[in-house]
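Participant:
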Amino acid sequence: MLKEYKTGQIRNVAIIGHGGTGKSTLLEAMLFVGGKIDKMGNADAGTLVSDFDEDEKEKKISIKSSMGFVEFEDVKINIIDTPGTSDFVGDQRAAMQVAEAVVLVVDSVDGVQIETEKAWRYLTENNIPRIIFVNKMDKERANYGKVIENLKSSLGVNVATLCIPVGEGDKFSAIADTFEMKLYTPKGDGKDVTIGEIPADFKELVELERMNLVELAAEGSDELIEKFLGGEELTKEEIIFGITAQLKNAKLTPVICGSSQKVVGIKNLIRVIKNFVPAPDTERVYNGIDQVHRDKEVQVKCDPAGSLAAVVWKTAIDQYAGRFNYVKVLAGQINPESE
């Protein structure tokens with residue numbers, strides 16, 4: 011029997027980014043770490059969970075959005091993997107509209123690319139919360155600091171650095187987490203990690219980023235900024251509240267890094283989504299059309315007890331099952347007997 015989750019225990023995210031940044035492999039790694047698949051698939055072999063279409067296997071790219079989910083600490087994270095090429099931007103934008111936040115994947119060498127810029131403009135215009143995942147930190151010439159500066163200069167990102175890589179390229183081995191103030195080192199195939207203390211030669215840099223993170227969190231509410239300016243320490247819960255408030259209003263962008271192929275930093279990403287991405291029952295308002303008076307626009311807030319309101323964000327045709335729709339329920343409930 012499937013576990014039931016209350017609305018506050020759900021996180022909906024879409025993975026977006028320029029083609030070739032490793033979006034589908036990132037979903038694969040999240041499913042692997044989350045225990046939904048037993049081993050990692052491979053794009054070259056055509057064995058990725060999300061790229062199951064024969065055309066996708068042949069071309070080795072995503073041509074339509076697909077879904078997966080993981081469960082972490084009593085939270086269910088629904089994940090939409092989207093195409094990265096402009097030919098299929100419709101699928102990407104539909105996914106962004108139904109997600110509470112996006113994970114924008116950026117290459118550790120190439121940084122901001124043309125589809126990164128296009129996606130960022132759309133996110134900004136629609137005030138959609140976003141997290142940036144700097145992928146392929148094991149790649150030759152990977153440079154996390156350079157990518158961070160590129161994000162600031164090209165996109166104007168207000169960066170909240172949630173991790174620092176230990177090593178780059180073939181020396182990339184672990185993640186120093188600035189929120190947890192711990193070192194996460196993958197074990198074996200990467201599904202599990204060893205949690206340890208941050209190395210002495212990294213401590214000063216991590217503590218500096220931690221101070222910046224706390225200051226950004228304090229700006230999330232008047233009460234927090236007053237406490238921060240008064241010299242008091244913010245609790246872990248207060249930092250989560252402040253960062254979530256800033257993320258929800260798209261005033262800052264948490265940035266983390268890793269390697270989806272090597273399965274490094276994936277559990278950190280899952281934890282970041284669980285901690286900081288707003289649940290669907292926050293103040294977000296959706297614009298829609300009244301089903302009785304079709305010329306009348308309505309605004310809908312998430313309310314499980316309200317009248318039924320939903321959005322069909324994707325329609326697919328299956329040769330065996332026929333046509334079926336992907337639906338996000340905004341208010342009320344849908345059950346098997348619903349028409």
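Our numbering puts the sequence shown at residues 11 to 349.
Even for Gly, the Cβ is constructed at its ideal location relative to N, Cα and C.
Everything numeric in this text was worked out from a predicted model, so none of it was measured.
1. Distance, Cα to Cα, K16 vs G316?
2. Note down, in chain order, each residue of its chain lying with its Cβ closer than 8 Å to the Cβ of E207, except the 5 sequence neighbours on either side.
3. Helix, strand or coil: how does DSSP classify R294 here?
4. According to DSSP, is G100 part of a helix, a strand, or is it coil?
5. Please report the distance separating the alpha-carbon of V157 from that of N222.
6. Please classify Q107: does DSSP put it in a helix, a strand, or coil?
7. Measuring alpha carbon to alpha carbon, tell me which residue in R151, D101, C312 and I141 is nearest D120.
8. Under 6 Å Cβ to Cβ from G44, same chain only, skipping five residues before and after it: list those, please.
9. Quick check: the Cα distance between E1 and G200, rounded to an integer number of angstroms?
10. DSSP has R140 in a bridge; who is on the other side?
11. Taking C-alpha atoms, which residue in A228, D232, S269 and Q256 lies nearest to L244?
12. How about V116: is its C-beta nearer than 9 Å to some C-beta of chain D?
13. Counting C-beta neighbours from all protein chains within 10 Å, is the total for K162 16 or more, i.e. buried, or is it exposed?
14. Quick one: what does DSSP say E81 is sitting in, helix, strand or coil?
15. So for V122, helix, strand or coil by DSSP?
16. Given a threshold of 16 other Cβ atoms within 10 Å of its Cβ, counted over all protein chains shown, does Q309 qualify as buried or as exposed?
17. Helix, strand or coil: which one does DSSP assign to T17?
18. Using CA atoms only, rank isn't needed, just tell me which of N136, G18 and N168 is closest to D313.
19. I want to know whether the region 23-33 touches the region 111-130 - three or more CB-CB distances under 8 Å.
20. Could you work out which residue in Y336, I185, V337 and V203 is closest to V351 when comparing CA atoms only?
21. Quick one: what's got a C-beta closer than 7 Å to I250's C-beta in the same chain, skipping five residues either side?
22. For D328, which beta-bridge partners are listed by DSSP?
23. Would you decide whether P93 is buried or exposed? Buried here means 16 or more other CB atoms lie within 10 Å of its CB.
24. Grouping DSSP H, G and I as helix and E and B as strand, with all else coil, what is S163?
25. Less than 9 Å between the C-beta atoms of T95 and L58, yes or no?
26. Quick check on DSSP: helix, strand or coil for T204?
27. Among K338, K277 and Q329, whose alpha-carbon lies nearest the alpha-carbon of D291?
28. What's the gap between the Cα of I87 and the Cα of E110?
29. Cα separation between H303 and G342?
30. Can you find the residues in the same chain that come closer than 8 Å, C-beta to C-beta, to E248, ignoring five residues on each side of it along the sequence?
31. Can you say whether E217 is buried or exposed, counting buried as having 16 or more other CB atoms within 10 angstroms of its CB?
32. Using the three-state DSSP reduction, which class does G342 fall into: helix, strand or coil?
33. What is the rounded straight-line gap between the Cα of S76 and the Cα of I90?
34. Along the alpha helix (DSSP H) that carries R47, what are the first and last residues, could you check?
35. Going straight from the alpha carbon of R333 to that of A319, what length do you get?
Facilitator: The answer reads as follows:
1. Within the sequence shown, the letter at position 6 stands for residue 16. Within the sequence shown, the letter at position 306 stands for residue 316. Rounded to whole angstroms, K16 to G316 spans 15 Å at the Cα level.
2. The sequence position of residue 207 within the sequence shown is 197, counting from 1. So the qualifying residues of the chain are K192 and L193.
3. Position 284 of the sequence shown, counted from the first residue, corresponds to residue 294. Reduced to three states, the DSSP call for R294 is coil.
4. Counted from its first residue, the sequence shown places residue 100 at position 90. Residue state, collapsed to three classes: helix.
5. The residue labelled residue 157 in the question sits at position 147 within the sequence shown. The residue labelled residue 222 in the question sits at position 212 within the sequence shown. So the two alpha carbons sit approximately 18 Å from each other.
6. To locate residue 107, count along the sequence shown from 1; it is residue 97. If DSSP states are grouped into helix, strand and coil, Q107 belongs with the helices.
7. Position 110 of the sequence shown holds residue 120. With distances taken between Cα atoms, D120 lies closest to R151.
8. Here residue 44 corresponds to residue number 34 of the sequence shown, with the count starting at 1. Counting only Cβ-Cβ distances below 6 Å, and skipping sequence neighbours, we find V80.
9. The structure shown has nothing for residue 1, since the chain only spans 11 to 349.
10. In the sequence shown, residue 140 corresponds to position 130, counting from 1. Answer is V112, bridged to R140.
11. As a position in the sequence shown, residue 244 is number 234, starting the count at 1. Per the Cα distances, A228.
12. Reference to chain D is not applicable here, since this structure consists of a single protein chain.
13. If you number the sequence shown from 1, residue 162 lands on position 152. Label assigned to K162: exposed.
14. Residue mapping note: residue 81 aligns to position 71 of the sequence shown, counting from 1. Looking at E81 - three-state DSSP - the assignment turns out to be strand.
15. Against the sequence shown, residue 122 aligns to sequence position 112. Coil, per DSSP.
16. Here residue 309 refers to the residue found at position 299 when the sequence shown is read from its first residue. Counting Cβ neighbours within 10 Å, Q309 comes out exposed, since fewer than 16 surround it.
17. The residue labelled residue 17 in the question sits at position 7 within the sequence shown. Three-state result, T17: helix.
18. Mapped onto the sequence shown, residue 313 falls at position 303. Closest option to D313, Cα to Cα, is G18.
19. yes
20. The structure shown does not extend to residue 351, since the chain is modelled only from 11 through 349, so no value can be given for it.
21. If you number the sequence shown from 1, residue 250 lands on position 240. Same-chain partners within the cutoff: N285 and F286.
22. Reading the sequence shown from its first residue, position 318 is the one you call residue 328. For D328, which the question treats as bridged, DSSP gives the partners G332.
23. Here residue 93 refers to the residue found at position 83 when the sequence shown is read from its first residue. By the neighbour-count rule (16 or more Cβ atoms within 10 Å), P93 is buried.
24. As a working note, residue 163 is residue 153 in the sequence shown. Three-state result, S163: helix.
25. Along the sequence shown, one-based indexing puts residue 95 at 85. Along the sequence shown, one-based indexing puts residue 58 at 48. Not a contact, by the Cβ cut-off of 9 Å.
26. Walking along the sequence shown from the start, residue 204 turns up at place 194. In the structure shown, T204 sits in a strand (DSSP, three-state: E or B).
27. If you number the sequence shown from 1, residue 291 lands on position 281. Selected option, being the one with the closest Cα: K338.
28. The sequence position of residue 87 within the sequence shown is 77, counting from 1. The sequence position of residue 110 within the sequence shown is 100, counting from 1. Going by the C-alpha atoms only, they are around 11 Å apart.
29. For the purposes of this step, residue 303 is taken as the residue at position 293 of the sequence shown. For the purposes of this step, residue 342 is taken as the residue at position 332 of the sequence shown. Taking the straight line from one Cα to the other gives about 19 Å.
30. As a working note, residue 248 is residue 238 in the sequence shown. If we look at E248 and ignore the five residues flanking it on each side, its Cβ neighbours are A227, L234 and K237.
31. For the purposes of this step, residue 217 is taken as residue 207 along the sequence shown, with counting starting at 1. Answer is exposed; the Cβ neighbour count stays below 16.
32. In the sequence shown, the residue the question calls residue 342 occupies position 332. Reduced to three states, the DSSP call for G342 is coil.
33. Here residue 76 corresponds to residue number 66 of the sequence shown, with the count starting at 1. Here residue 90 corresponds to residue number 80 of the sequence shown, with the count starting at 1. Computed Cα separation, rounded: 6 Å.
34. Position 37 of the sequence shown, counting from 1, holds the residue named residue 47. Before going on, a small fix: residue 47 reads as Ile here, not Arg. Careful: I47 lies outside any alpha helix (DSSP H) and carries neither H nor E.
35. For the purposes of this step, residue 333 is identified with residue 323 of the sequence shown, where counting begins at 1. For the purposes of this step, residue 319 is identified with residue 309 of the sequence shown, where counting begins at 1. About 21 Å.
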